[in-house]
Amino acid sequence: MIADSTTIAAAPAPGRVARTFWVGLAAAAVYVLIAAGLGNLMDVLVPTESPELEFALSHLVPLPIALALGLWFARWSGWWSDIWRQRPVTSQPPRRYWMLAVPVLLLVGPVLGLFDVPWSDRSVGLVLLLALGCLLVGLGEELFYRGIIRVSIRARHGEFVALLVTSLLFGLSHSVGSMINGVPAGAIAFQVAVTAFDGALYYVVFRATGRLWVPVLIHAITDCTLYLQSDEWSAATGHAVPDPGPVAIGAQFVLGALLIAAVVSFLLEDARARRARRARRDEASTGGSVGSGGSAGSAAPSGSAATPPIEG
1 MIADSTTIAA APAPGRVART FWVGLAAAAV YVLIAAGLGN LMDVLVPTES PELEFALSHL
61 VPLPIALALG LWFARWSGWW SDIWRQRPVT SQPPRRYWML AVPVLLLVGP VLGLFDVPWS
121 DRSVGLVLLL ALGCLLVGLG EELFYRGIIR VSIRARHGEF VALLVTSLLF GLSHSVGSMI
181 NGVPAGAIAF QVAVTAFDGA LYYVVFRATG RLWVPVLIHA ITDCTLYLQS DEWSAATGHA
241 VPDPGPVAIG AQFVLGALLI AAVVSFLLED ARARRARRAR RDEASTGGSV GSGGSAGSAA
301 PSGSAATPPI EG
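Just so you know, we're using UniProt numbering here: the sequence shown kicks off at 1 and counts up by one.
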(Lines of atoms letter the chains of each structure in order from A; the text may use other names.)
(Lines give C-alpha, C1' and ligand atoms only; values in the text may rest on other atoms or scores of the structure.)
Protein backbone atom coordinates (compact mmCIF):
# COMPACT_ATOMS: atom_id res chain seq x y z
CA MET A 1 0.00 0.00 0.00
CA ILE A 2 1.01 3.62 -0.29
CA ALA A 3 3.10 4.78 2.65
CA ASP A 4 1.51 7.43 4.84
CA SER A 5 3.23 10.46 6.37
CA THR A 6 4.23 8.59 9.51
CA THR A 7 5.94 5.89 7.47
CA ILE A 8 7.76 8.49 5.42
CA ALA A 9 9.03 10.15 8.57
CA ALA A 10 10.22 6.83 9.98
CA ALA A 11 12.30 6.11 6.89
CA PRO A 12 13.76 9.42 5.69
CA ALA A 13 15.74 9.72 2.52
CA PRO A 14 19.50 9.40 3.01
CA GLY A 15 21.51 12.59 3.21
CA ARG A 16 24.87 13.96 4.22
CA VAL A 17 23.72 14.93 7.72
CA ALA A 18 22.08 12.63 10.27
CA ARG A 19 18.54 13.70 11.13
CA THR A 20 18.80 14.18 14.87
CA PHE A 21 17.22 16.67 17.23
CA TRP A 22 20.61 18.11 18.17
CA VAL A 23 21.27 19.09 14.57
CA GLY A 24 17.94 20.90 14.45
CA LEU A 25 18.59 22.57 17.80
CA ALA A 26 22.00 23.76 16.60
CA ALA A 27 20.37 25.21 13.49
CA ALA A 28 17.84 27.10 15.63
CA ALA A 29 20.63 28.44 17.84
CA VAL A 30 22.51 29.71 14.79
CA TYR A 31 19.38 31.42 13.48
CA VAL A 32 18.63 33.13 16.80
CA LEU A 33 22.26 34.17 17.19
CA ILE A 34 22.34 35.80 13.77
CA ALA A 35 18.80 37.18 13.59
CA ALA A 36 18.54 38.49 17.15
CA GLY A 37 22.20 38.89 18.04
CA LEU A 38 23.32 40.67 14.89
CA GLY A 39 20.07 42.63 14.77
CA ASN A 40 20.66 44.06 18.25
CA LEU A 41 24.32 44.63 17.42
CA MET A 42 23.33 46.74 14.42
CA ASP A 43 21.21 48.84 16.76
CA VAL A 44 24.30 49.49 18.89
CA LEU A 45 26.74 50.05 16.03
CA VAL A 46 24.41 52.33 14.07
CA PRO A 47 22.31 54.26 16.61
CA THR A 48 19.45 56.13 15.05
CA GLU A 49 16.27 57.93 16.04
CA SER A 50 14.53 56.72 12.89
CA PRO A 51 12.39 53.61 13.50
CA GLU A 52 12.37 52.96 9.75
CA LEU A 53 16.17 52.85 9.57
CA GLU A 54 16.35 50.78 12.74
CA PHE A 55 13.87 48.29 11.27
CA ALA A 56 15.84 48.12 8.02
CA LEU A 57 19.16 47.52 9.78
CA SER A 58 17.75 44.89 12.13
CA HIS A 59 15.95 42.98 9.36
CA LEU A 60 17.65 43.56 6.02
CA VAL A 61 21.17 42.89 7.31
CA PRO A 62 21.02 39.81 9.59
CA LEU A 63 18.05 37.94 8.09
CA PRO A 64 19.48 37.47 4.56
CA ILE A 65 22.63 36.04 6.18
CA ALA A 66 20.63 33.62 8.33
CA LEU A 67 18.44 32.67 5.37
CA ALA A 68 21.41 32.03 3.12
CA LEU A 69 22.91 29.68 5.71
CA GLY A 70 19.59 27.91 6.24
CA LEU A 71 18.93 27.43 2.53
CA TRP A 72 22.49 26.22 1.98
CA PHE A 73 22.15 23.70 4.83
CA ALA A 74 18.79 22.48 3.54
CA ARG A 75 20.27 21.81 0.10
CA TRP A 76 23.66 20.47 1.20
CA SER A 77 22.30 18.18 3.93
CA GLY A 78 19.92 16.39 1.59
CA TRP A 79 16.89 17.50 3.62
CA TRP A 80 15.60 19.97 1.02
CA SER A 81 12.57 18.09 -0.27
CA ASP A 82 11.31 17.04 3.17
CA ILE A 83 11.75 20.57 4.52
CA TRP A 84 9.52 22.13 1.89
CA ARG A 85 6.98 19.36 1.29
CA GLN A 86 5.20 16.59 3.13
CA ARG A 87 2.14 14.64 2.15
CA PRO A 88 -0.76 16.64 3.65
CA VAL A 89 -3.25 15.14 6.06
CA THR A 90 -6.01 15.85 3.54
CA SER A 91 -4.62 13.37 1.00
CA GLN A 92 -4.55 10.21 3.12
CA PRO A 93 -7.13 8.44 5.27
CA PRO A 94 -8.45 9.64 7.57
CA ARG A 95 -8.68 12.75 5.39
CA ARG A 96 -8.70 15.65 7.84
CA TYR A 97 -10.09 18.40 5.63
CA TRP A 98 -11.20 20.32 8.70
CA MET A 99 -7.57 21.32 9.33
CA LEU A 100 -7.78 23.57 6.27
CA ALA A 101 -9.92 25.87 8.40
CA VAL A 102 -6.78 26.85 10.34
CA PRO A 103 -5.01 28.76 7.53
CA VAL A 104 -8.31 30.39 6.57
CA LEU A 105 -9.02 31.59 10.12
CA LEU A 106 -5.44 32.75 10.60
CA LEU A 107 -6.02 35.23 7.80
CA VAL A 108 -9.14 36.70 9.40
CA GLY A 109 -7.22 38.93 11.81
CA PRO A 110 -4.74 40.32 9.24
CA VAL A 111 -7.43 40.94 6.63
CA LEU A 112 -9.64 42.80 9.11
CA GLY A 113 -6.59 44.62 10.43
CA LEU A 114 -5.91 46.11 7.02
CA PHE A 115 -9.04 48.23 7.46
CA ASP A 116 -7.54 49.74 10.62
CA VAL A 117 -4.26 50.78 9.02
CA PRO A 118 -3.86 54.58 8.80
CA TRP A 119 -2.91 54.38 5.13
CA SER A 120 -2.65 58.15 4.75
CA ASP A 121 0.26 58.09 7.21
CA ARG A 122 2.02 55.16 5.52
CA SER A 123 4.25 55.96 2.58
CA VAL A 124 4.77 53.47 -0.23
CA GLY A 125 8.40 53.13 0.79
CA LEU A 126 7.48 52.26 4.37
CA VAL A 127 4.90 49.69 3.25
CA LEU A 128 7.46 48.03 0.97
CA LEU A 129 10.10 48.07 3.72
CA LEU A 130 7.77 46.43 6.23
CA ALA A 131 6.55 43.91 3.67
CA LEU A 132 10.09 42.88 2.75
CA GLY A 133 11.26 42.70 6.35
CA CYS A 134 8.26 40.63 7.42
CA LEU A 135 8.65 38.31 4.44
CA LEU A 136 12.24 37.66 5.51
CA VAL A 137 11.05 36.97 9.07
CA GLY A 138 8.32 34.59 7.91
CA LEU A 139 10.64 32.75 5.55
CA GLY A 140 13.45 32.50 8.08
CA GLU A 141 11.39 31.34 11.03
CA GLU A 142 9.33 28.84 9.05
CA LEU A 143 12.42 27.48 7.30
CA PHE A 144 14.20 26.82 10.59
CA TYR A 145 11.33 25.86 12.92
CA ARG A 146 8.66 24.20 10.76
CA GLY A 147 11.35 23.13 8.29
CA ILE A 148 14.78 22.11 9.57
CA ILE A 149 13.86 21.42 13.20
CA ARG A 150 10.68 19.57 12.23
CA VAL A 151 12.59 17.28 9.87
CA SER A 152 15.24 16.59 12.51
CA ILE A 153 12.55 15.52 15.01
CA ARG A 154 10.24 13.60 12.66
CA ALA A 155 13.05 11.25 11.70
CA ARG A 156 12.66 9.54 15.09
CA HIS A 157 9.48 10.88 16.64
CA GLY A 158 5.82 11.35 15.80
CA GLU A 159 3.74 14.37 14.86
CA PHE A 160 2.82 15.32 18.42
CA VAL A 161 6.42 15.51 19.63
CA ALA A 162 7.38 17.50 16.53
CA LEU A 163 4.53 19.96 17.06
CA LEU A 164 5.30 20.34 20.77
CA VAL A 165 9.06 20.80 20.49
CA THR A 166 9.04 23.10 17.46
CA SER A 167 6.37 25.28 19.08
CA LEU A 168 8.18 25.54 22.42
CA LEU A 169 11.47 26.40 20.74
CA PHE A 170 9.64 28.97 18.62
CA GLY A 171 8.19 30.55 21.76
CA LEU A 172 11.46 30.49 23.69
CA SER A 173 13.41 32.05 20.84
CA HIS A 174 11.05 35.03 20.81
CA SER A 175 11.66 35.66 24.51
CA VAL A 176 15.45 36.05 24.25
CA GLY A 177 15.22 39.83 24.00
CA SER A 178 12.82 39.98 26.95
CA MET A 179 15.20 37.90 29.05
CA ILE A 180 18.12 40.16 28.18
CA ASN A 181 16.09 43.27 29.03
CA GLY A 182 15.06 41.89 32.42
CA VAL A 183 11.36 41.44 31.75
CA PRO A 184 9.60 39.73 34.70
CA ALA A 185 9.41 35.93 34.55
CA GLY A 186 5.61 35.92 34.48
CA ALA A 187 5.51 38.17 31.45
CA ILE A 188 8.14 36.03 29.71
CA ALA A 189 6.15 32.87 30.40
CA PHE A 190 3.04 34.49 28.94
CA GLN A 191 5.01 35.61 25.89
CA VAL A 192 6.40 32.10 25.36
CA ALA A 193 2.91 30.57 25.67
CA VAL A 194 1.32 32.99 23.20
CA THR A 195 4.13 32.63 20.66
CA ALA A 196 4.20 28.85 21.05
CA PHE A 197 0.45 28.85 20.36
CA ASP A 198 1.10 30.71 17.10
CA GLY A 199 3.91 28.30 16.25
CA ALA A 200 1.63 25.31 16.80
CA LEU A 201 -0.96 26.82 14.47
CA TYR A 202 1.68 27.35 11.78
CA TYR A 203 2.65 23.69 12.19
CA VAL A 204 -0.97 22.67 11.60
CA VAL A 205 -1.06 24.91 8.52
CA PHE A 206 1.96 23.08 7.13
CA ARG A 207 0.47 19.64 7.79
CA ALA A 208 -2.91 20.66 6.38
CA THR A 209 -1.42 21.94 3.12
CA GLY A 210 1.81 19.95 2.89
CA ARG A 211 3.70 23.02 1.67
CA LEU A 212 5.98 25.22 3.77
CA TRP A 213 5.38 28.33 1.68
CA VAL A 214 1.79 28.54 3.01
CA PRO A 215 2.76 29.21 6.67
CA VAL A 216 5.58 31.43 5.38
CA LEU A 217 3.10 33.75 3.67
CA ILE A 218 0.53 33.69 6.49
CA HIS A 219 3.29 34.44 9.01
CA ALA A 220 4.60 37.33 6.91
CA ILE A 221 1.15 38.82 6.24
CA THR A 222 0.24 38.66 9.94
CA ASP A 223 3.42 40.40 11.07
CA CYS A 224 3.24 43.02 8.33
CA THR A 225 -0.36 43.93 9.17
CA LEU A 226 0.51 44.36 12.86
CA TYR A 227 3.43 46.64 11.99
CA LEU A 228 1.29 48.71 9.62
CA GLN A 229 -1.39 49.17 12.28
CA SER A 230 1.06 50.25 14.97
CA ASP A 231 2.74 53.59 15.53
CA GLU A 232 5.11 52.15 18.12
CA TRP A 233 7.56 49.68 16.69
CA SER A 234 11.29 49.21 16.53
CA ALA A 235 13.84 46.42 16.51
CA ALA A 236 14.01 46.49 20.29
CA THR A 237 10.31 46.64 21.13
CA GLY A 238 8.75 45.01 18.09
CA HIS A 239 5.25 46.07 17.12
CA ALA A 240 2.43 47.05 19.43
CA VAL A 241 -0.50 44.65 19.26
CA PRO A 242 -3.76 46.53 18.60
CA ASP A 243 -6.98 45.63 20.37
CA PRO A 244 -8.71 42.91 18.31
CA GLY A 245 -12.32 43.23 17.32
CA PRO A 246 -15.03 40.71 18.24
CA VAL A 247 -14.66 38.80 14.96
CA ALA A 248 -10.90 38.39 15.45
CA ILE A 249 -11.45 37.32 19.06
CA GLY A 250 -14.01 34.76 17.94
CA ALA A 251 -11.59 33.44 15.33
CA GLN A 252 -8.95 32.99 18.04
CA PHE A 253 -11.32 30.89 20.16
CA VAL A 254 -12.15 28.71 17.17
CA LEU A 255 -8.44 28.37 16.38
CA GLY A 256 -7.82 27.25 19.95
CA ALA A 257 -10.48 24.56 19.62
CA LEU A 258 -9.07 23.46 16.26
CA LEU A 259 -5.58 23.26 17.74
CA ILE A 260 -6.83 20.98 20.51
CA ALA A 261 -8.52 18.81 17.88
CA ALA A 262 -5.30 18.74 15.84
CA VAL A 263 -3.28 17.64 18.88
CA VAL A 264 -5.74 14.79 19.50
CA SER A 265 -5.61 13.88 15.80
CA PHE A 266 -1.81 13.77 15.82
CA LEU A 267 -1.78 11.63 18.97
CA LEU A 268 -4.14 9.17 17.30
CA GLU A 269 -2.01 9.20 14.16
CA ASP A 270 1.10 8.42 16.20
CA ALA A 271 -0.74 5.57 17.93
CA ARG A 272 -1.75 4.12 14.55
CA ALA A 273 1.84 4.35 13.36
CA ARG A 274 3.09 2.51 16.45
CA ARG A 275 0.54 -0.26 15.97
CA ALA A 276 1.51 -0.59 12.31
CA ARG A 277 5.19 -0.87 13.20
CA ARG A 278 4.45 -3.52 15.82
CA ALA A 279 2.37 -5.46 13.32
CA ARG A 280 5.18 -5.37 10.77
CA ARG A 281 7.71 -6.53 13.36
CA ASP A 282 5.42 -9.35 14.47
CA GLU A 283 4.79 -10.41 10.89
CA ALA A 284 8.50 -10.31 10.09
CA SER A 285 9.27 -12.33 13.22
CA THR A 286 6.58 -14.89 12.39
CA GLY A 287 7.76 -15.16 8.82
CA GLY A 288 11.35 -15.66 9.94
CA SER A 289 10.35 -18.39 12.36
CA VAL A 290 8.34 -20.23 9.72
CA GLY A 291 11.14 -19.90 7.20
CA SER A 292 13.81 -21.22 9.55
CA GLY A 293 11.66 -24.05 10.92
CA GLY A 294 10.05 -25.21 7.68
CA SER A 295 11.12 -28.36 5.82
CA ALA A 296 13.09 -28.37 2.63
CA GLY A 297 9.96 -29.37 0.80
CA SER A 298 8.25 -26.16 1.84
CA ALA A 299 10.92 -23.93 0.37
CA ALA A 300 10.04 -21.89 -2.69
CA PRO A 301 11.00 -23.69 -5.90
CA SER A 302 13.96 -22.46 -7.89
CA GLY A 303 13.07 -19.67 -10.25
CA SER A 304 9.84 -18.72 -8.48
CA ALA A 305 9.16 -15.08 -7.72
CA ALA A 306 10.21 -13.94 -4.27
CA THR A 307 7.55 -12.52 -2.00
CA PRO A 308 7.72 -8.70 -2.25
CA PRO A 309 8.43 -6.80 0.95
CA ILE A 310 5.48 -5.32 2.77
CA GLU A 311 5.33 -1.58 2.22
CA GLY A 312 4.59 0.89 4.98
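Note that beta-carbon positions come from the ideal geometry of N, C-alpha and C, so glycine has one too.
CB contact flag (residue i, residue j, <9 Å)
i: I65; j: I148; result: no
i: D270; j: G158; result: yes
i: G15; j: G70; result: no
i: G248; j: G109; result: Note that residue 248 corresponds to Ala in the displayed sequence, not to Gly. Yes; because the gap between Cβ atoms is below 9 Å, this pair is in contact.
i: L135; j: V216; result: yes
i: F73; j: V17; result: yes
i: R150; j: Y203; result: yes
i: L132; j: E52; result: no
Cutoff 7 Å; reference residue i; Cβ partners in own chain excluding five residues on either side
i: R265; result: In the sequence under discussion, the amino acid at residue 265 is Ser, which differs from the Arg named in the question. Contacts found: R96.
i: L201; result: V102, L106, L255, L259
i: W76; result: R16
i: V46; result: L57
Span separating the alpha-carbon of residue i from that of residue j
i: R122; j: L228; result: 8 Å
i: T225; j: G287; result: 60 Å
i: R146; j: G140; result: 10 Å
i: P184; j: E283; result: 56 Å
i: A276; j: A257; result: 29 Å
i: F55; j: L100; result: 33 Å
i: V124; j: I218; result: 21 Å
i: P93; j: V214; result: 22 Å
i: G199; j: L168; result: 8 Å
i: A27; j: L143; result: 10 Å
i: Q191; j: I221; result: 20 Å
i: R274; j: L268; result: 10 Å
i: G245; j: W119; result: 19 Å
i: V44; j: W98; result: 47 Å
i: Y31; j: F253; result: 31 Å
i: G182; j: A189; result: 13 Å
Proximal residues to residue i (C-beta, below 8 Å), its chain only, five neighbours per side dropped
i: I153; result: F21, G24, V161, A162, V165, T166
i: T195; result: F170, G171, H174, S175
i: L130; result: F55, C224, Y227, L228
Residue(s) in a DSSP beta bridge with residue i
i: R85; result: R211
Cut-off 6 Å between Cβ atoms - residues of its own chain near residue i, not counting five sequence neighbours on either side
i: A236; result: Per-residue confidence for A236 stands at a pLDDT of 47, beneath the threshold of 50, marking its modelled position as unreliable; the derived number appears in the next sentence. If we look at A236 and ignore the five residues flanking it on each side, it has no Cβ neighbours.
i: L33; result: none
heavy atom of the ligand COA below 8 Å from residue i C-beta
i: Q252; result: You won't find the ligand COA in this model; it holds no ligand whatsoever.
Should the segment 60 to 77 be called in touch with the segment 21 to 39, which here means at least 3 C-beta pairs below 8 Å?
The segment 60 to 77 is in contact with the segment 21 to 39.
Evaluate the contact criterion for the segment 203 to 216 versus the segment 85 to 94: three or more CB pairs, one atom per stretch, below 8 Å.
Segments in contact, yes.
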